[in-house]
Amino acid sequence: MDTLDRKILSIISQNARIPFRDVAVQCGVSRAAVHQRVQRLFDDGVITGSGYHVNPKSLGYSTCTFVGLSLERGSMYHQVVEKLNQIPEVVESHFTTGRYGMIIKLYARDNGHLMELINNQIQEIEGVTSTETLISLDQGFKKEVPIHSEE
9 MDTLDRKILS
19 IISQNARIPF
29 RDVAVQCGVS
39 RAAVHQRVQR
49 LFDDGVITGS
59 GYHVNPKSLG
69 YSTCTFVGLS
79 LERGSMYHQV
89 VEKLNQIPEV
99 VESHFTTGRY
109 GMIIKLYARD
119 NGHLMELINN
129 QIQEIEGVTS
139 TETLISLDQG
149 FKKEVPIHSE
159 E
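Just so you know, we're using my numbering here: the sequence shown kicks off at 9 and counts up by one.
In structure tokens, the structure reads:
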């Protein structure tokens, strides 16, 4: 990745809907050059996706929760992830160091729905020995990692 790639990434990570024409103007290159570089960044796995972010609350999911999972054995991680991925409300899964073997992020409609997800689905997964639930009261911010122009 060179300086131009980083500049393009910085611009489109702030506004994925910005036209390539506007990116090209800001970067001082042609629209075709921006298009080719963005495509290469996708192909190289630098850009992993694009799309719209939907506000979960607008769909009735008012409770954002992080759950720490303790695993019977760390080697069970992949099979636990497979089962968690089948629960639509679980939107992120991380294998971690420290107190928990995994931390997941999920959205629930309300506390009753959250209790059902934890007690009847997550805690029933083979390999999950215990959970600790942390309810998010408010998201202060969400942003992408910084993109510096130096190589």
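Ideal Cβ placement from N, Cα and C applies to all residues, glycine included.
The structure displayed is predicted, hence computed values, not measured ones.
| message | Which residue marks the beginning of the alpha helix (DSSP H) containing residue 12, and which one marks its end? | response | 11–22
| message | If the criterion is Cβ atoms closer than 8 Å, does the pair residue 70 and residue 118 meet it? | response | yes
| Going by beta carbon distance, what residues of the same chain come within less than 7 Å of residue 84, once the five residues before and after it are set aside? | 135
| field | Three-state class that DSSP yields for residue 76 in the structure shown | value | strand
| message | Is it buried or exposed, residue 82, if we count other Cβ atoms within 10 angstroms and call 16 or more buried? | response | exposed
| Would you call the segment 124–135 and the segment 71–81 in contact, with 3 or more CB pairs under 8 Å? | yes
| task | Please report how far the alpha carbon of residue 20 lies from the alpha carbon of residue 102, in whole angstroms. | result | 26 Å
| message | So for residue 28, helix, strand or coil by DSSP? | response | helix
| field | Where residue 113 sits in the DSSP three-state scheme | value | strand
| task | Note the first and the last residue of the continuous alpha helix (DSSP H) segment covering residue 90. | result | 85–92
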